[in-house]
Amino acid sequence: MNPNPEHQSTRRDFLKTTGAAAAALGFPTIIPASALGQGDKPAPSNRIVMGGIGLGNMGSGDLGNFLNNPLVQYVAVCEVRGNVLNERKNQVDGKNGNKDCKAYVDFRELLAREDIDAVHIATPDHWHAIQIIEACRAGKDVFCQKPETRTLREGKLVVEAARRYGRVVSGGSQRVLEDYRKLVNPCWSGELGPIKSINVAVGPLSQQCNLPPENCPADMNWEMWLGPAPWAPYNSKRCDGNFGTGGGSWRSYSDYSGGGMTDWGAHHFGGATFAVDVRELQPAEVTLNDEGGKKWISFKYPNGIELTHNRPGRGNMQVEGTPGEKREAKKIPEYAAKGGIGADFLECVKTRGKPFRDIELAVNTVVVCHLGIIAYTLGRSLKWDAAKQQFTGDDEANRFIDQARREPWQL
Amino acid sequence: MSEQLDKAIEALKTYDWGIDPNVIRPIDEAIITTHADAAARKDLETRLIAVLKTEAPQAAKGAVCRALKTIGTAAAVPALAPLLADEKLSHMARFALERIPAPDVGQALCNALPKVAAKLKIGIITSLGARREATAVAPLQALLADSDPAIAAAAAHALGDIRSLEAAKALVVAKPGAGTKDAIADASMACAETLLTAGNKGAAKATYEKVLASTPSKAAKDAATRGLQACAK
Numbered sequence: 001m002n003p004n005p006e007h008q009s010t011r012r013d014f015l016k017t018t019g020a021a022a023a024a025l026g027f028p029t030i031i032p033a034s035a036l037g038q039g040d041k042p043a044p045s046n047r048i049v050m051g052g053i054g055l056g057n058m059g060s061g062d063l064g065n066f067l068n069n070p071l072v073q074y075v076a077v078c079e080v081r082g083n084v085l086n087e088r089k090n091q092v093d094g095k096n097g098n099k100d101c102k103a104y105v106d107f108r109e110l111l112a113r114e115d116i117d118a119v120h121i122a123t124p125d126h127w128h129a130i131q132i133i134e135a136c137r138a139g140k141d142v143f144c145q146k147p148e149t150r151t152l153r154e155g156k157l158v159v160e161a162a163r164r165y166g167r168v169v170s171g172g173s174q175r176v177l178e179d180y181r182k183l184v185n186p187c188w189s190g191e192l193g194p195i196k197s198i199n200v201a202v203g204p205l206s207q208q209c210n211l212p213p214e215n216c217p218a219d220m221n222w223e224m225w226l227g228p229a230p231w232a233p234y235n236s237k238r239c240d241g242n243f244g245t246g247g248g249s250w251r252s253y254s255d256y257s258g259g260g261m262t263d264w265g266a267h268h269f270g271g272a273t274f275a276v277d278v279r280e281l282q283p284a285e286v287t288l289n290d291e292g293g294k295k296w297i298s299f300k301y302p303n304g305i306e307l308t309h310n311r312p313g314r315g316n317m318q319v320e321g322t323p324g325e326k327r328e329a330k331k332i333p334e335y336a337a338k339g340g341i342g343a344d345f346l347e348c349v350k351t352r353g354k355p356f357r358d359i360e361l362a363v364n365t366v367v368v369c370h371l372g373i374i375a376y377t378l379g380r381s382l383k384w385d386a387a388k389q390q391f392t393g394d395d396e397a398n399r400f401i402d403q404a405r406r407e408p409w410q411l
Numbered sequence: 412m413s414e415q416l417d418k419a420i421e422a423l424k425t426y427d428w429g430i431d432p433n434v435i436r437p438i439d440e441a442i443i444t445t446h447a448d449a450a451a452r453k454d455l456e457t458r459l460i461a462v463l464k465t466e467a468p469q470a471a472k473g474a475v476c477r478a479l480k481t482i483g484t485a486a487a488v489p490a491l492a493p494l495l496a497d498e499k500l501s502h503m504a505r506f507a508l509e510r511i512p513a514p515d516v517g518q519a520l521c522n523a524l525p526k527v528a529a530k531l532k533i534g535i536i537t538s539l540g541a542r543r544e545a546t547a548v549a550p551l552q553a554l555l556a557d558s559d560p561a562i563a564a565a566a567a568h569a570l571g572d573i574r575s576l577e578a579a580k581a582l583v584v585a586k587p588g589a590g591t592k593d594a595i596a597d598a599s600m601a602c603a604e605t606l607l608t609a610g611n612k613g614a615a616k617a618t619y620e621k622v623l624a625s626t627p628s629k630a631a632k633d634a635a636t637r638g639l640q641a642c643a644k
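Note that the protein sequences, when read in sequence, are chains A and B. Residue 283 in the working numbering sits at position 283 of the first sequence, with consecutive numbering throughout. Take any residue in the second sequence, note its place counting from 1, add 411, and you have its number in the working numbering.
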């Protein structure tokens, strides 16, 4: 399916024209079943034409999910590591039974293709906002892995881009709905009564990286890996995509990631804010507490609900309700289609609906992570004005809302 | 603490890639502890600025710029501004300058524009936009006509970041070229959204109409059409 009617007519016209031409020449018109659609697999003209940007660990998993979805016609891959790029192209070609998948090192070339309807993005976090915004400007729908932004300012701008261009943009945390059912159900059913608070245990924060130079592999485009991040020499640990956050992976280092606070934080804070139903809000107060040298944070929402981080004596996702007090049950939001968060995104691409992890909700979660990082970094409590997207009465904290991008990259 | 800070400042002289960042961590700690101590802050800033004037390695000067991002004042601008033309340090100079809330910064960035190579110029343009420098509208408007479409497009996006009525006017009278019309369209629509939110439907409508008249990409055309519909509500 291509939501662009011009694309649809072009492909259908192509099939019609080539069929007529073959008949005129006396050739039997043999159209493979795959071109017409088979079982629950739509014809190519009705599939969502997709490409992937950033195809390492998480991107590889996303590629597999989308490539194997019958709604998708997968046509392009983009990756700055040559060996990974070749592997993924071969994977797509093998699935499609041809050699047509195009391979790109520069995501802008992939986005410039008019035949592509949607992209999935799983580059390191420092790239996400630029690529989401550029994809929206190019008229693509977007599925982006979490955490969707690297700074607070990026959150506002990715939501604006999605809305300006009318794109379906889904965040990538599958765990928000899928991992926390046992918590969400009693919260939304009213069984726990009015919710007072919920705690998230996650960490650590990322750290500065000053690893020594190493020889850069010939098939690695280091400039494109760094992109908007400060220049630094190649080091294999600096750009390793493993899931660790304690060193030896880009998730450990603050130029590329918020560390565990944004990585697992996007899952846990996303699940917590969903469970206690504040996912449409952003915190108003961030209070840094110190209990015997143990730092922890309280995020206070405008409706009075408290989200805490690493609160002593509280477990991860531990909810404090008001048992015995009544609260009306609410209908729990669900994915638009069976098959997980990727299927939800694809269904919304077809219907133009909002996905479960709509970018605005995803950004609200990552805002929590960023606010927490800034409070811990500055060592003090903060007040956040969500409407203005700035801190109140703290000019120094406002300096942390964004950071300059390395030229020529721009939001 | 003071002794540790002294050692950290001293370590900056030879701080290069591969050296344990813990040797300069006392600087980050001093940033926190001096928050309410203006004199100590001033002293810290002065000592960091001094490093920028030495032959310290790129990594050291980068670390200084990171610290000045948080504590830098107008006093740091004269030391940071010359780095804008340094290919290796221009970004890190902006890393500090972009977030320092002093009027001198906008002037320093504008002054650097005609003195730097194309790629660095794009960075400076971007920082002017991120700062929403009202005084930069005129020089950015001039750059909309730059022969390098990358520079002209960057100037358009910067004006879109500034989002003032003046920025919107500069974009409306711009002559879009093949390499800039989508950037001008996007920036114009960013301005139009702000105008619409402020209740200035007339100016927003005129902006969207100008975008549609520029034969932009289908994505921009659809977006401008939606914008016009919003103006009609």
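Backbone N, C-alpha and C fix where the C-beta goes; we use that ideal spot for every residue, glycine too.
Taking 9 Å as the CB threshold, residue 256/A stays off the interface with chain B. Assignment of beta-bridge partners to residue 220/A by DSSP yields 81/A. For the segment 390-407 of chain A, the residues whose beta carbon sits under 7 Å from a beta carbon of chain B are, in order, 395, 396, 399, 402, 403, 404, 405, 406, 407.
Annotation: residue 376/A has no Cβ neighbours in chain B at a cutoff of 8 Å; minimum Cβ distance is about 10 Å. Secondary-structure assignment with DSSP links residue 291/A through a beta bridge to 294/A. Residue 625/B sits close to residue 587/B, with the two beta carbons spaced by under 9 Å. Here residue 546/B is exposed, its C-beta having fewer than 16 other C-beta atoms within 10 Å. According to the DSSP assignment, residue 564/B belongs to the alpha helix (DSSP H) that extends over 560-573. Across the set 369/A, 81/A, 118/A, the C-alpha of 81/A shows the shortest separation from the C-alpha of residue 104/A. Judged by their CB atoms, residue 272/A and residue 335/A are not nearer to each other than the 9 Å cut-off. The DSSP-derived three-state label of residue 396/A is helix.
Contact annotation: residue 377/A and residue 205/A have beta-carbon atoms nearer than 9 Å. Relative to residue 43/A, the option among 61/A, 69/A, 94/A whose CA is nearest is 69/A.
Here residue 121/A carries a strand assignment [DSSP, helix/strand/coil]. For residue 426/B, at least one C-beta of chain A is nearer than 9 Å to its own C-beta.
Assignment of beta strand (DSSP E) within the segment 311-374 of chain A, counting only whole runs of 3 or more residues, yields 318-320 in chain order. Counting along the chain, the unbroken beta strand (DSSP E) around residue 199/A starts and ends at 197-200. The alpha carbon of residue 330/A has as its nearest neighbour, out of 163/A, 51/A, 191/A, the alpha carbon of 191/A. For residue 47/A and residue 165/A, the gap between their C-alpha atoms comes out near 21 Å.
Per DSSP, residue 179/A lies in no alpha helix (DSSP H) segment and is marked neither H nor E.
In this structure, residue 65/A sits away from residue 243/A, with a CB-CB distance that is not shorter than 9 Å. Residue-level contact check: residue 409/A touches chain B, since one or more beta carbons of chain B fall below 9 Å from its beta carbon. Scanning chain B for C-beta atoms nearer than 9 Å to the C-beta of residue 211/A yields 428, 429, reported in chain order. In summary, the residues of the segment 136-151 of chain A whose CB is separated from some CB of chain B by less than 9 Å are 136, 137, 138, 139, 140, in the order they occur in the chain. When 356/A, 119/A, 240/A are compared, the shortest CA-CA separation from residue 248/A is found for 240/A.
Setting aside the 5 residues that flank it on each side, residue 318/A is surrounded in the same chain by 198, 199, each with a C-beta closer than 8 Å to its C-beta; the list follows chain order.
Counting only the Cα atoms, residue 258/A lies some 30 Å from residue 461/B. Straight through space, the alpha carbons of residue 600/B and residue 636/B are spaced by roughly 11 Å. Taking a cut-off of 8 Å on C-beta distances, the segment 266-280 of chain A does not touch the segment 227-241 of chain A, as fewer than three cross pairs fall below it.
Residues of the segment 200-226 of chain A with a Cβ closer than 8 Å to any Cβ of chain B, in chain order: 207, 208, 209, 210, 211, 212, 213.
DSSP places residue 385/A inside the beta strand (DSSP E), whose first and last residues are 382-385.
Contact between residue 504/B and residue 456/B fails: their C-beta atoms lie close to 15 Å from each other, not under 8 Å. Exposed is the label assigned to residue 352/A, since fewer than 16 other Cβ atoms lie within 10 Å of its Cβ. Taking a C-beta distance under 9 Å as the contact criterion, residue 565/B and residue 594/B qualify as a contact pair. In this structure residue 448/B is exposed. Its beta-carbon is surrounded by fewer than 16 other beta-carbon atoms within 10 angstroms. Following the DSSP letters along the chain, one finds residue 602/B in no beta strand (DSSP E) but inside the alpha helix (DSSP H) bounded by residues 592-608.
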